[in-house]
Amino acid sequence: MKFKVPFCFGLLIVIKLVSPTVWTKLHSSRLLPCSASLPLEGNEGEQKINASLLEVSWLHNGLVIALIAGTNVTHIEQGFSLDQSAFANGNFSLTIHNASLSHQGKYECSITYNNSEVYSNNITINITAPPSLTILSTRVVLQRESVIKCLAQGFAPPLIHFSWMKGGEVVQPPSPFTAVNLTSEGYFWAVSSLTLTPTAKDKYVNFSCAVSHAALQKPLAMEFPLNITQLPIVTLSTIPADSPSSPLTLSCDIEEFYPEDITVQWLQNGSVLPDPPLVLPSPGGTFRTRHYRTLNKEERERAGEVQCVVWQPFVPEPVSATVDLFLTNDEATVLTKSAKASVALMIISLVLVFLLCFGFSWRKRDEKQKSLSVSGIILPPRVIVGQKGRVTVSVEGRRVDRVQTTWFLNDKLILDTSQTVTEKGPLLPPGGEVGYYKLHTQRPLLSGNGSTQQLLSSLSFIPHISIHKGAVFKCQVSYMGKDKVVVERVSDRFTLLAAPEVSEIQLTEPADSAGIVTLTVQASGFHPDIITFRWFCQGGELSPVAPPAPLAAPRPDAQGFFSAISQCKLPRAELERGETKVWVTVHHMALKQPITRETRGFIKRPHVSDIISCPAASTHSPKNPLTLGCEVTGFYPPDISVSWWRITEEQNEELVECGDIWGPLLTSSSTYRATATLREERSEKRGSEKTRIVCRVMHCSLQEPIERQWQSNQSDAPSIPSSLSVQWKKGGIGVFSLILLGGHPKAKLSWAAGGATLSPLVSTEIEVEGEDGTLELKSVCTIQRSTGRGGQTDRYIHSQRNGHTHMTEENCGVDAIDIIDEKGDGEIKVEPKRPGTPAVKRARRRDGADEEREEDKDKGKGSDLPWTNTVNIRREDKGVEGERLRVTVEITHPAFTLPIYRTWIEPQEES
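Counted the way mature numbering (1 follows the signal peptide of the UniProt record, and there is no 0) counts, the sequence shown spans residues -20 to -1, 1 to 891.
Below you can see the structure in the form of structure tokens.
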């Protein structure tokens, strides 16, 4: 029982996951997953969860919607359900029925067992609802600017795209719109407008409004004809009367209008005079009518102007004709001289006032415009992220040499940053920088007629997603030294393009041998998010398989680019035949040609190890050849090609005769492995050059061969004896040595000695060359054993006097001493000697000179050893067991993965 407590404590660790976002269709059911592993109680074979200790709770936006404590259902809101029978399997998922907007928000699942929270998970639910379309108005006026509107309502999320078409041709491309208005049910609605000037040909053309939305599988469109209103021609005349006192009849002719439903009013001095006339059809599909109005004596005496005003439905302004009753009076036609002079003076005054106003207005306009003709902002045909683009404005006029231009991105002033920002900077400028901009102004050029000049102002920029997405350029034209802006031009919104990077086709091996293989391809780093994958198999198009829900739609990354995957499935037997060719084409608007990736059969890329080397002989001579090896594993099909190359500064040479390959060997159900070897002959000429050995592996799954390199000056491991050599001298001094043969570079040796614990020692290394040319590294460490107690706290005491090593006279009673005798053939012979016998080593230096070194010249005069390490060893005293001397050396070398140790331990004395 004592081992169950820590085991259960490990299971009750709270697991919290990052809240995912899930989109759910309106009026559908949705399962919110929640699972946890709980401890089981009971005997083996009958273990189960103690339901009385379990508590399951679900929260929606902080409010409890489901709570189950123990075996009782405490609370479950309507529209939700929990399957308690699945609790035993650790499944606590919640089901939402008939999803609506009220079900949107954050859901939190919390599992508590024995008053300890063991699992917590957050899921965010968003509802998608498709829009419905309504055309608000189709009434337009012929040859006048009119507006038609399209209403989309009842949709979610708020992002929607509107487009307009005329006779099947796009007149307004899709543009994104984020709705902010809500209906009474909580859904979004938005209105798109199309401004046009109808012509007579538009009577027989259908228009359509189309929307694209995340809840629609394809765009939703509504087609409709235009209801065109044609304005009439109105003529007003009078019918002569017998006398001024008799009634006056006016005639109002209304022609060439459509449709026939009109309203005619008679006004006298702004007051309405009733009496509607009759409408008759006329040639050309229009209508005409004539309205008569007889003015009585009182109306005629009031004189003034009489108007015939024609109103039409859905037309904000009427069409009218006016007649002056003063001119129709026969008596009024005879004027006196004074009356004529007054009339003439009034007319002249009016003309002068008109000319004065016109001249003042023309002067102001000339001062403001000064005959400038400014074109619109010319955008590049394709704006590609990371590639330089240019926008241009053309200014024509007689005084363009005094014109200056100012550029803005949205409303932010653009400055020339070409001197501070490089063109090859990062795609996403850090810290909110403006990015790369360079301003160009071409000197004025003479225009075609020679009287005007042309000025070109350009702006070069490098598009970035974070800066230019959804932005517009503005160009303000003004005169130098003036603050007033003469003309401002605003560009259209441009689409940023980024071509996708497409991976190779990845194959997922099924669990069983007769299963289905999933082929996956991934596209990343593209913009915008519209991309198409098309799968083909031997000329026939395959149907793609829906990828996992989190990867189904293109998803943006931190920089604003998108990535997406596509999958298809085929039987494994088809792929393993090697005759089935499968390829996929990726289409994107940033690509001039689609990208193609293909695969033949069940192909797996090989894994190539690094090149390892080992000597071909037991001796470590530089002249002996090396064997190089390279492992190739995990590839299919088994056909593989391996070649070896020697690369120097002068030439590249293929090693055909020295290479060999072992395999391929089937290692699993569908993968192979092989071993490629090369016998490399060493030479002094190549040793002085920088030589590289390259192993190239080619397989049908690779577009380019895989290469592994080996340098000829790589490390070679030295030969190490199996034990240390020791020579005991007078005074308890032991000379320990170790000789290493060969090796490159030089090995590092570290000596240590002691009893129960070890401490570092000082040693001497001598490197000489043997008769066969092999380098020998001899390391010597001199140790004096001491058993004195004294007041010393350090086990290792090194004493020198006047620059010479001081040797003590303790512990010199040693019966047998091992003497090292090195023969000419490189062998080592160990012979027993008595204390004080000198040992002379003859070594051949690299310069060819012989050197004799007498290790002990005189037993009474001390020693010429470079350093003596004193080791204090505890001796046996009063029942306390004494320590045995241990001497060890650590050998490290680049060719060794771990250090190698050689240890000498003092033999235990016989009682």
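Where is the CB? At the ideal position from N, CA and C, for every residue including glycine.
Exposure of residue i, with buried meaning 16 or more beta-carbon neighbours within 10 Å
i           : result
residue 276 : exposed
residue 161 : exposed
residue 371 : buried
residue 420 : exposed
residue 297 : exposed
residue 754 : buried
residue 855 : exposed
residue 209 : buried
residue 342 : exposed
residue 356 : exposed
residue 66  : exposed
residue 642 : exposed
residue 789 : Because the pLDDT of residue 789 is 36, which lies under 50, any placement of that residue in the model is unreliable, and the number read from its coordinates should be weighed accordingly. Per the 10 Å Cβ criterion, exposed.
residue 150 : exposed
residue 784 : Because residue 784 carries a pLDDT of 32, less than 50, the predicted location of this residue cannot be relied on, and the following value inherits that uncertainty. Classification for residue 784: exposed.
According to DSSP, residues forming a beta bridge with residue i
i           : result
residue 28  : 21
residue 144 : 152 and 189
residue 287 : 247 and 302
residue 448 : Note: residue 448 sits in no beta bridge, so no partner.
residue 625 : 634 and 674
residue 387 : 455
residue 583 : Per DSSP, none; premise fails for residue 583.
residue 417 : 441
residue 214 : 234
Cβ pair residue i, residue j closer than 9 angstroms
i           : j           : result
residue 757 : residue 701 : no
residue 9   : residue 77  : yes
residue 588 : residue 624 : no
residue 31  : residue 37  : no
residue 452 : residue 458 : no
residue 156 : residue 174 : no
residue 126 : residue 177 : yes
residue 110 : residue 148 : no
residue 480 : residue 364 : no
residue 191 : residue 267 : no
residue 104 : residue 2   : yes
residue 303 : residue 230 : yes
residue 128 : residue 107 : no
residue 614 : residue 653 : yes
residue 485 : residue 568 : no
residue 244 : residue 295 : no
Nearest-angstrom Cβ-Cβ length linking residue i and residue j, presumed shorter than 8 angstroms
i           : j           : result
residue 548 : residue 499 : 5 angstroms
residue 501 : residue 482 : 6 angstroms
residue 514 : residue 564 : 7 angstroms
residue 287 : residue 247 : 5 angstroms
residue 706 : residue 760 : Actually they are not in contact, since the Cβ atoms of residue 706 and residue 760 sit about 11 angstroms apart, beyond 8 angstroms.
residue 620 : residue 562 : That pair is no contact at about 21 angstroms.
Proximity test, residue i beta-carbon vs the ligand NAP heavy atom, cut-off 8 angstroms
i           : result
residue 143 : Annotation note on the ligand NAP: not contained in the displayed structure, which lists no ligands.
Through-space distance from residue j to residue i, alpha-carbon basis
i           : j           : result
residue 545 : residue 585 : 20 angstroms
residue 253 : residue 131 : 41 angstroms
residue 824 : residue 750 : The pLDDT assigned to residue 824 is 35, lower than 50, so where the model puts this residue is not dependable; a value taken from the coordinates is nonetheless given after this. Distance between the alpha carbons of residue 824 and residue 750: 7 angstroms.
residue -9  : residue 644 : Note that residue -9 has pLDDT 39, beneath the 50 cutoff, so the model's placement of it is unreliable and the number below is only indicative. Going by the C-alpha atoms only, they are around 49 angstroms apart.
residue 152 : residue 454 : 22 angstroms
residue 201 : residue 445 : 31 angstroms
residue 306 : residue 374 : 56 angstroms
residue 238 : residue 353 : 39 angstroms
residue 228 : residue 323 : 26 angstroms
residue 203 : residue 189 : 7 angstroms
residue 610 : residue 871 : 27 angstroms
residue 351 : residue 376 : 8 angstroms
residue 213 : residue 261 : 14 angstroms
residue 731 : residue 875 : 20 angstroms
residue 51  : residue 100 : 20 angstroms
residue 448 : residue 332 : 54 angstroms
residue 752 : residue 721 : 11 angstroms
residue 385 : residue 422 : 12 angstroms
residue 443 : residue 540 : 13 angstroms
residue 817 : residue 671 : With a pLDDT of 33 at residue 817, under the threshold of 50, the predicted position of this residue should be treated as unreliable, though the coordinate-derived value follows. When rounded, the distance between both Cα atoms is 51 angstroms.
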